[in-house]
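Under full-length UniProt numbering, residue 150 is the last one in the sequence shown; the count climbs by one each step, no gaps.
Ideal Cβ positions, reconstructed from N, Cα and C, are used throughout, including at glycine.
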Amino acid sequence: MSQSLNKIYIHIVFSTKIREPNISEDIKNELFNYLGGICKSLECNPLQVGGYRDHVHILCLLSKKIALTQLIEKVKSSSSKWIKTKNEKFSNFYWQSGYGAFSVNPNEIDVVKNYIQNQEEHHKIKSFQDEYRAFLKKYDVQYSEEYVWD
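See the structure below:
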């Protein structure tokens, strides 16, 4: 084949360092827009970005020009630097070192977008840790509880 083609929808999830509730109401929308902008600049079309006080969700179309690990590294490093410039209270803002990334069936895009949009509601009854464990179980990802959290 002379042409390389792909269409890979990815649901990325990662938390703040030690799940600190550092994503405050006054910055969250700007942060989510910034995260989407980074994805867009890397040709990874963001379909939905959202989250809660201690974590974010990014649903995007992975570009064929960048590896998933590079995308996540750039998203985390750039946004961490950016948020520290927004207010002194973010001077010690860090993301966790790891992440979760899950492939999404094209027929499930609207379901995942809706899920990300409704994070406030989800987390009235479920913690991030329980949410993340549910993703790992749903996608049959083997893990060790002692190494999942930092």
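- The beta carbon of G36 lies closer than 6 Å to those of P46 and V49 in the same chain, with the five residues before and after it left out.
- Assigned with DSSP and collapsed to three states, G36 falls in helix.
- Excluding five sequence positions before and after S80, the CB atoms of its chain that fall closer than 7 Å to its own CB belong to F93, Y94 and W95, given in chain order.
- In the same chain as I27, and ignoring 5 residues on each side of it, the C-beta atoms closer than 8 Å to its own belong to I83, K86, N87 and F90, in chain order.
- Considering only V148, K124, N118 and I66, the residue with the shortest C-alpha distance to C39 is I66.
- Counting along the chain, no beta strand (DSSP E) covers A134; the unbroken alpha helix (DSSP H) around it starts and ends at F128 to K138.
- Rounded to whole angstroms, the gap between the alpha carbons of D140 and I23 is 29 Å.
- Taking the CA atoms as reference points, E20 sits about 36 Å from N6.
- Proximity to G98 across S4, F14 and Q3 peaks at F14, based on C-alpha coordinates.
- Nearest in C-alpha terms to Q3, of all of E25, L42, K64 and I18, is K64.
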